[in-house]
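Before any comments, here is the structure.
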Amino acid sequence: MPTVLITGANRGLGLEFAKQYAADGWSVIATCRNPIGVGELGTIEGDIAVYGLDVLDQNSIDRFVSDLDGRAIDVLINNAGVYGPKPVKAADVTMKDWTPVMQTNAMAPLFIARALLPNVEKGARKLIVNISSIMASIEQGSAPSEYIYRSSKTALNMVMACYAQEIAETGVAVVNFHPGWVQTDMGGPNATLTPTESITHLRASIEKLGFDDTGKFLNYDGSPLPW
Ligand SMILES: NC(=O)c1ccc[n+]([C@@H]2O[C@H](COP(=O)([O-])OP(=O)(O)OC[C@H]3O[C@@H](n4cnc5c(N)ncnc54)[C@H](OP(=O)(O)O)[C@@H]3O)[C@@H](O)[C@H]2O)c1
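Following this line, the structure appears as structure tokens:
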């Protein structure tokens, strides 16, 4: 069976990805900041291995890549993300608040992707999936005062558009998805989708991806989104 690697797999969408792929018989490499006391993630049955990986820590990334020992990965899912402070006016945006959100949402996915590219090249599916957001869309989004989170996801989309072009010759496709508005700690209880619904759709959309989709920004149902 294919192998999927998920960052931020201890809760929210990452946990649901791990549950569904494991239930489907995939080999799951589930990573999280703190692998001790992972709660529900530790109870998932199937072919699943849990590793510690703080996506903001280059030493952690290096250790993790070394622990994988060249293992092939079919689908790499850059899921870990943070929202940062609630909407603030321009006058209240601070460097201290903005920096870790940009680092986690826009920069770390590239550092993870480039570190694991040799593993993904060995896989049969050759896919790097990034969990972006419709909030990244300059054309469609309509959330004023969301400077920090929105700019981080717009930056993620641009970073991955560049990376898709840079690594095109490897045959690895790089695709960004909006998961929908989902009931997680980040999405809150009023979100329109459950994690089960979002990830069921996302997995079906991921399953249909081919190299022709590299560089795209897609909704969870696989339809294209405006940049
Ligand atoms: N929920 C939505 O409606 C929605 C909509 C659009 C996009 N998204 C995106 O979907 C992704 C998952 O979101 P979610 O709703 O599942 O959020 P969540 O419930 O807040 O979970 C976020 C996950 O990211 C992990 N994480 C954060 N910083 C990390 C780091 N430095 N190293 C490793 N893991 C880290 C968290 O780990 P800890 O437990 O250690 O903090 C947690 O596992 C995010 O990229 C988010 O931006 C979500």
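Each residue of the sequence shown is one higher than the last, beginning at -18 in the numbering used here.
Ideal Cβ placement from N, Cα and C applies to all residues, glycine included.
Roughly how many angstroms separate the alpha carbons of residue i and residue j, rounded to a whole number?
i, j, result
"Val9", "Phe45", "15 Å"
"Trp162", "Ala72", "28 Å"
"Pro176", "Ala(-1)", "12 Å"
"Met116", "Pro207", "11 Å"
"Gln164", "Pro125", "22 Å"
"Pro81", "Phe92", "15 Å"
"Ala142", "Val110", "12 Å"
"Asn100", "Tyr128", "35 Å"
"Ala87", "Ser132", "9 Å"
"Asp194", "Ala105", "16 Å"
"Ile210", "Met76", "This structure cannot speak to residue 210, because the chain is shown only from -18 to 208."
"Pro170", "Ala94", "31 Å"
"Ala96", "Pro90", "10 Å"
So, are the CB atoms of residue i and residue j less than 7 Å apart?
i, j, result
"Gly33", "Pro16", "yes"
"Asp50", "Thr(-16)", "no"
"Thr85", "Val63", "yes"
"Lys107", "Gly152", "yes"
"Ala61", "Val31", "no"
"Ile148", "Ile58", "no"
"Val156", "Leu190", "yes"
"Ser41", "Asp48", "no"
"Met210", "Gly6", "Within the shown structure, residues of the chain are numbered from -18 to 208, placing residue 210 beyond reach of any answer."
"Phe158", "Leu98", "no"
"Pro160", "Ile112", "yes"
Per DSSP, which residues does residue i bridge with? Please list them.
i, result
"Leu(-14)", "Ile10, Leu57"
"Leu199", "Phe158, Pro205"
"Leu108", "Val56, Ala154"
"Ala30", "Ile10"
"Leu(-6)", "Paired residues: none, contrary to the question."
Tell me, to the nearest whole angstrom, how far the beta carbon of residue i is from that of residue j; I am working on the premise that it is less than 8 Å.
i, j, result
"Leu(-6)", "Ser179", "7 Å"
"Ser186", "Asp166", "No, Ser186 and Asp166 are not in contact; Cβ-Cβ is about 23 Å, not under 8 Å."
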